[in-house]
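To keep things clear, I will list the structure first and then write my remarks on it.
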Amino acid sequence: MRRWTIILLAGVALGAGPVWADDGSTALTFAVAPADHTPLSAANGGQTLHVSGGSGTLAVGICPVRLSAQGRTGQVRVGIDADGDGQIGQSEWTSAAPDGSASVEFALPAASCPLGRAAVTFTGLAVSPSSKTLTGRYVSRGSLRGEIAGQPVWLIDDNLDGRITQDGQDALLVGPNRWAVPLRQLHRVGGRLYRLSVDDAQQQLRYSPVAEPQLGQVAVPPTPGLTVLVLESDQGAFNVLAKGGSAVPAGEYRLSYGLLGTATQAVAPGKQTLRYPIRAGQRNTLRIGGAPELTFQASYEGGNISVLPKLIAVGPGGETYETAIQRAQPPTVEILAGNQPVDSGSMGFG
Amino acid sequence: MENGFVRVTMPAGALGTVSGTRSLADIAAKRPQVIGAGPAVTYEPLP
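Just so you know, the protein sequences line up as chains C and L, in that order.
Read in order, the letters of the first sequence correspond to residues 25 to 374 in the numbering used here.
Read in order, the letters of the second sequence correspond to residues 1272 to 1318 in the numbering used here.
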């Protein structure tokens, strides 16, 4: 008894932090996730909203929610059946900011949609005065919050279907990061690799460290401005550019998304994005990033050259950099003979 | 034009400037623009 007391006091004297159990479970409670980016919202800012005639429904899995709009662009008010009583009462209206952004939280029937609640952030809300059509975009920020080894985690209902699944359709945010990764079974939390499991009732998250994981080191060619690169396999998902995050379990991975610079510019999978078999005990250098090229369509007939204004920056792994392109500035077109420019001009966007 | 190319260049935020070049022969023949070559992953043993 005396011996244990001495050890405990020594720990306190040395300033030792709290000791967390290696594995265990954490209770999950509904919360709005403080995420700036999730897999479904990183590339295009979220899902498209289009409600005709001033009212309609917001699709939330099998639990659609009544939605109405009033006002005009710059002064939009959104009404949502937040308490699930089938009516939109006076207290259920939210005024959007002048830029068309608004956040709402609302109830879901728990029997059909186990989360019981949802949270959505709208951007770019606008109302057509003539047709009363509401347009904009929205992202889901409803989540279940828990803790793993003292670190807060949010399981985000990224696909807004009222439930959390571990098939990559939802997302995991580990604080204090602002980027989420597709929710699978294997994730890195606080530098350790954990196996996660959400119970059927969506009330507990079980976690256990992976013993002796077979890891491969991932290397990404230097790419200007690239700050986040999330790769996903059927087993796990990781930001391989995170501090200490370049070692991932062996398996076949694909690009989920990436972020450039100010993080308003995204890297997204393209039509022919590569798959990356990661081998354990190896340095795995990916064909991705580096210096993306501009792809364009053109025709050359009868001595006339036409370049279509449909331009996409594509990397060597087939990844696209759509939002990085600065459409405010026109592209330059040059005609070359060998290496020598013989003609040049600017083109507008059609 | 023999040995002719079209190069399109534009600013791309954090990436700096991006450009793409296609030969007039490829454009006339409607051959697709190919980006990148080689294996998806290059492996090296860890030291």
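All residues carry an ideal CB built from backbone N, CA and C; glycine is no exception.
I'd like the span of the alpha helix (DSSP H) that includes residue i, first residue to last.
i: serine 65 of chain C; result: 63-66
What are the boundary residues of the beta strand (DSSP E) that residue i is part of?
i: alanine 1296 of chain L; result: Segment 1295-1299 is the alpha helix (DSSP H) holding alanine 1296 of chain L; no beta strand (DSSP E) there.
i: isoleucine 359 of chain C; result: 356-361
i: asparagine 308 of chain C; result: 306-310
i: asparagine 263 of chain C; result: 261-263
i: asparagine 328 of chain C; result: 328-331
i: tryptophan 117 of chain C; result: 117-119
i: tryptophan 178 of chain C; result: 175-180
i: tyrosine 277 of chain C; result: 275-284
i: glycine 1275 of chain L; result: 1275-1282
i: isoleucine 104 of chain C; result: 99-104
i: threonine 344 of chain C; result: Run containing threonine 344 of chain C: none; DSSP gives neither H nor E here.
Leaving out the 5 sequence neighbours to the left and right, which residues in its chain are closer than 6 Å to residue i when beta-carbon positions are compared?
i: glycine 374 of chain C; result: Unreliable positioning characterises glycine 374 of chain C in this predicted model, as indicated by a pLDDT of 42, which lies under 50. The coordinate reading is nonetheless provided below. Closer than 6 Å at the Cβ level, and outside the excluded window around glycine 374 of chain C, lie Pro333.
i: proline 153 of chain C; result: Arg96
i: aspartate 185 of chain C; result: Gly85
i: alanine 271 of chain C; result: Leu239 and Gln241
i: glycine 214 of chain C; result: Ala173 and Gln175
i: glycine 108 of chain C; result: Ala131
i: isoleucine 217 of chain C; result: It should be noted that the sequence gives leucine, not isoleucine, for residue 217 of chain C. These residues qualify, in order along the chain: Val234 and Pro237.
i: valine 1277 of chain L; result: Arg1293
i: alanine 4 of chain C; result: This structure leaves residue 4 of chain C out entirely; chain C is present only between 25 and 374.
i: threonine 118 of chain C; result: Val102, Ala126 and Val128
Going by beta carbon distance, what residues of the same chain come within less than 8 Å of residue i, once the five residues before and after it are set aside?
i: glycine 314 of chain C; result: Pro245, Pro246, Thr247, Gly339 and Pro340
i: alanine 134 of chain C; result: Gly140
i: glutamine 1304 of chain L; result: Gly1291, Arg1293 and Asp1297
i: valine 366 of chain C; result: Ile359 and Leu360
Below 7 Å on C-beta distance, what does residue i contact in chain C?
i: arginine 1278 of chain L; result: Glu358 and Leu360
Among residues of its own chain, excluding the 5 on either side of residue i, which ones have a beta-carbon nearer than 7 Å to its beta-carbon?
i: glycine 369 of chain C; result: Val357
i: threonine 297 of chain C; result: Arg278, Leu279, Gly341, Gly342 and Glu343
i: isoleucine 349 of chain C; result: Leu335 and Ala337
i: valine 89 of chain C; result: Thr81, Leu82, Ile104, Asp105 and Phe130
i: tryptophan 28 of chain C; result: Below a pLDDT of 50, predicted positions are generally treated as unreliable, and tryptophan 28 of chain C, at 40, falls in that range; the measurement from the model is reported next regardless. Taken in chain order, the list of residues that qualify is empty.
What whole-angstrom Cβ distance do residue i and residue j have, given they're in contact under 8 Å?
i: glutamine 238 of chain C; j: alanine 274 of chain C; result: 5 Å
i: tryptophan 203 of chain C; j: valine 252 of chain C; result: 5 Å
i: leucine 250 of chain C; j: serine 280 of chain C; result: The pair is not a contact, with the Cβ atoms about 14 Å apart (cut-off 8 Å).
i: leucine 168 of chain C; j: leucine 52 of chain C; result: 4 Å
i: isoleucine 206 of chain C; j: proline 63 of chain C; result: One detail in the question is off: residue 206 of chain C reads as proline in this sequence, not isoleucine. Contact flag correct, Cβ pair sits at about 5 Å.
i: arginine 219 of chain C; j: serine 232 of chain C; result: 5 Å
i: leucine 1317 of chain L; j: tyrosine 324 of chain C; result: That belief does not hold up - the Cβ atoms of leucine 1317 of chain L and tyrosine 324 of chain C are roughly 49 Å apart, past 8 Å.
Whose Cβ in chain L lies nearer than 9 Å to the Cβ of residue i?
i: tyrosine 218 of chain C; result: Here the premise fails: no neighbours, minimum Cβ distance about 23 Å.
i: arginine 303 of chain C; result: Val1312 and Tyr1314
Show which residues of chain L have a CB atom less than 7 Å away from the CB atom of residue i.
i: asparagine 308 of chain C; result: Val1312 and Tyr1314
i: leucine 284 of chain C; result: Gly1284, Ala1285 and Leu1286
i: proline 316 of chain C; result: Leu1286 and Val1289
i: glutamine 289 of chain C; result: Gly1284 and Ala1285
Can you name the residues of chain L whose CB is closer than 8 Å to the CB of residue i?
i: threonine 298 of chain C; result: Here residue 298 of chain C turns out to be leucine, not threonine, going by the sequence shown. The contacting residues are Ala1311.
i: arginine 311 of chain C; result: Gly1307, Gly1309, Pro1310, Ala1311, Val1312 and Thr1313
i: glutamine 353 of chain C; result: Met1281 and Pro1282
Near-chain C residues of the stretch 1278-1294 of chain L (beta-carbon distance less than 7 Å), N- to C-terminal order: Arg1278, Val1279, Thr1280, Met1281, Pro1282, Ala1283, Gly1284, Ala1285, Leu1286, Gly1287, Val1289, Ser1290, Gly1291 and Arg1293
Members of the stretch 318-336 of chain C near chain L, C-beta cut-off 7 Å: Across the stretch 318-336 of chain C, CB contacts with chain L closer than 7 Å involve Leu318, Thr319, Phe320, Ala322, Ser323, Tyr324, Ile329, Val331 and Leu335, in sequence order along the chain.
Near-chain L residues of the stretch 224-256 of chain C - C-beta to any C-beta below 7 Å: Gln241, Pro248 and Gly249
Residues of the stretch 338-350 of chain C with Cβ closer than 9 Å to any Cβ of chain L, in chain order: Val338, Gly339, Pro340, Gly341, Gly342, Tyr345, Thr347, Ala348, Ile349 and Gln350
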